[in-house]
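In full-length UniProt numbering, the protein residues as written are 1 to 457.
C-beta atoms are modelled at their ideal positions from N, C-alpha and C, and glycine is treated no differently.
Since the structure is predicted, the reported quantities are computational estimates derived from the model, not experimental observations.
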Ligand code: NAD
């Protein structure tokens, strides 16, 4: 649906929710099964769209988008019935004749706004949680990944109930128009700047939000690590999707001798993986558009280039690059990099690294590379961020049982697995009583006339 009448879209969703269709758990399961079929039957088209938008290599598209989506929707199908059941809570003396229970109430009409970097996965993981929880959903994929956005616009109405689940498209001004509607929940993935715009619009209607935002995720490396494994894991996390990942390692903090060993290893690994001419490697994406290319190119002037440093505007290509002698005031340290540029800053100790991190906005993720349990513990206890991964990068994302989200400037709320279901569910407290004489006798001391004797009982 191109730039459109959002009032009608909203009315359609409201009518669909009011019909009670999505209250039926079997309906939800059928929709989720259909979503799974959509992934299975259109894998080639999804991979092609991702290639068009980002030149995403096929294995990356499958592993990081389609397989993740299939796993997520299978979890929803398996658990939807169980999670939707009312949750009994313990009774007290006063409520022994009653039923105190928490109902898993869908919010109603939910808006999901996606980002372009994993344009399919980030638009649809929240959707499966919203469906499982019994909501109607309006999905707004990112206009910056047009092939993926167009494909979702075509596929969703073919696989999901078109009254309950609608795709709308458009850019910032359309989103601002859309946000004037009164949603029951808004789930946004994107930058911190736009997250603030979304929250402000949601506040007008007191609509609850989840904001999956970004930021600079630091990596600390000490001398105790296996340098080859550490370098591989850091470089993989940085180069997947060409660094355009919200939880990509943003910059490294380490001492000088660790830095020199790490840079040598990174150089070897980049040649081993991508060859002497990485631009011709089929395993590296491109930068999504000219604006982001220019933003990244400007960062190449920070510090000193230790590895890489080349760029090609015609090909939206930024070479995997390591920068050393970088100062905190350099351009590359002023915003989330979101590209294949890895600055290394020197610190003397883990203590210094923690001070450095704590002087900045709360990160989405912190990566700690150390064999030292005290060092690991110090980071875990003395820093605040959305998630932590010790001795690897990005892998925390793959554990469905771990909530995925930020804190402070990196976000509000979390999702994945059961956390997705809970995100889109209002926990409605209910106390169901009867006119049973015994129940009435147990509670009668609350009635006037008040006496000290009644209070003592
Ligand atoms: P973005 O904030 O520019 O765009 C996200 C969405 O907001 C898009 O659908 C876009 O149409 C809309 N939008 C853009 N500008 C708007 C405006 N002025 N008013 C209203 N709506 C607007 O983000 P992006 O460039 O798509 O994604 C990059 C950012 O997202 C990075 O900061 C990254 O870290 C973050 N991100 C976070 C996660 C996460 O799970 N935490 C995942 C992916 C990306």
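Please determine whether the Cβ atom of residue i lies at a distance below 7 Å from any heavy atom of ligand 1.
{"i": "residue 240", "result": "no"}
{"i": "residue 65", "result": "no"}
{"i": "residue 95", "result": "no"}
{"i": "residue 69", "result": "no"}
{"i": "residue 342", "result": "no"}
{"i": "residue 212", "result": "yes"}
{"i": "residue 366", "result": "no"}
{"i": "residue 189", "result": "yes"}
{"i": "residue 246", "result": "yes"}
{"i": "residue 140", "result": "yes"}
{"i": "residue 115", "result": "yes"}
{"i": "residue 122", "result": "yes"}
{"i": "residue 287", "result": "no"}
{"i": "residue 308", "result": "no"}
{"i": "residue 337", "result": "no"}
{"i": "residue 408", "result": "no"}
{"i": "residue 411", "result": "yes"}
{"i": "residue 218", "result": "no"}
{"i": "residue 144", "result": "yes"}
Where does residue i sit, in a helix, a strand or coil, going by DSSP?
{"i": "residue 8", "result": "helix"}
{"i": "residue 453", "result": "helix"}
{"i": "residue 363", "result": "strand"}
{"i": "residue 247", "result": "coil"}
{"i": "residue 370", "result": "coil"}
{"i": "residue 113", "result": "strand"}
{"i": "residue 355", "result": "helix"}
{"i": "residue 446", "result": "helix"}
{"i": "residue 88", "result": "strand"}
{"i": "residue 181", "result": "coil"}
{"i": "residue 276", "result": "coil"}
{"i": "residue 394", "result": "coil"}
{"i": "residue 383", "result": "coil"}
{"i": "residue 287", "result": "coil"}
{"i": "residue 195", "result": "helix"}
{"i": "residue 143", "result": "coil"}
{"i": "residue 1", "result": "Caution is warranted here: a pLDDT of 45 is assigned to residue 1, below 50, making its placement in the model unreliable, and no coordinate value can be reported."}
{"i": "residue 14", "result": "helix"}
{"i": "residue 172", "result": "helix"}
{"i": "residue 458", "result": "In the structure as shown, the chain starts at 1 and stops at 457, and residue 458 therefore has no counterpart that could be examined."}
{"i": "residue 22", "result": "helix"}
{"i": "residue 94", "result": "coil"}
{"i": "residue 46", "result": "helix"}
I'd like to confirm the pairing. Which residues does DSSP put opposite residue i in its beta bridges?
{"i": "residue 312", "result": "317"}
{"i": "residue 165", "result": "137"}
{"i": "residue 427", "result": "104"}
{"i": "residue 342", "result": "322"}
{"i": "residue 218", "result": "251"}
{"i": "residue 268", "result": "Paired residue(s): none; residue 268 is not in a bridge."}
{"i": "residue 461", "result": "Shown here, the chain extends from 1 to 457; a query on residue 461 therefore has no answer."}
{"i": "residue 432", "result": "99"}
{"i": "residue 389", "result": "367"}
{"i": "residue 293", "result": "According to DSSP, residue 293 bridges with nothing at all."}
{"i": "residue 404", "result": "415"}
My guess is that residue i and residue j are in contact by the Cβ rule of under 8 Å, so how many angstroms apart are they, rounded?
{"i": "residue 364", "j": "residue 214", "result": "6 Å"}
{"i": "residue 370", "j": "residue 224", "result": "6 Å"}
{"i": "residue 322", "j": "residue 247", "result": "19 Å between Cβ atoms; not a contact."}
{"i": "residue 176", "j": "residue 9", "result": "The Cβ separation is near 15 Å, so there is no contact."}
{"i": "residue 101", "j": "residue 89", "result": "7 Å"}
{"i": "residue 149", "j": "residue 141", "result": "4 Å"}
{"i": "residue 179", "j": "residue 145", "result": "So it is not a contact: roughly 20 Å between Cβ atoms."}
{"i": "residue 358", "j": "residue 383", "result": "6 Å"}
{"i": "residue 344", "j": "residue 324", "result": "5 Å"}
I'd like the span of the alpha helix (DSSP H) that includes residue i, first residue to last.
{"i": "residue 307", "result": "Here residue 307 belongs to no alpha helix (DSSP H); instead the beta strand (DSSP E) covers 304-307."}
{"i": "residue 59", "result": "58-61"}
{"i": "residue 127", "result": "121-132"}
{"i": "residue 332", "result": "Neither: residue 332 is in no alpha helix (DSSP H) and is coded neither H nor E."}
{"i": "residue 33", "result": "25-41"}
{"i": "residue 152", "result": "146-159"}
{"i": "residue 78", "result": "67-84"}
{"i": "residue 439", "result": "437-443"}
{"i": "residue 227", "result": "227-239"}
The beta strand (DSSP E) that contains residue i, what's its start and end?
{"i": "residue 252", "result": "251-254"}
{"i": "residue 185", "result": "185-189"}
{"i": "residue 469", "result": "The chain is shown only over 1 to 457; residue 469 falls outside these bounds and no answer can be derived."}
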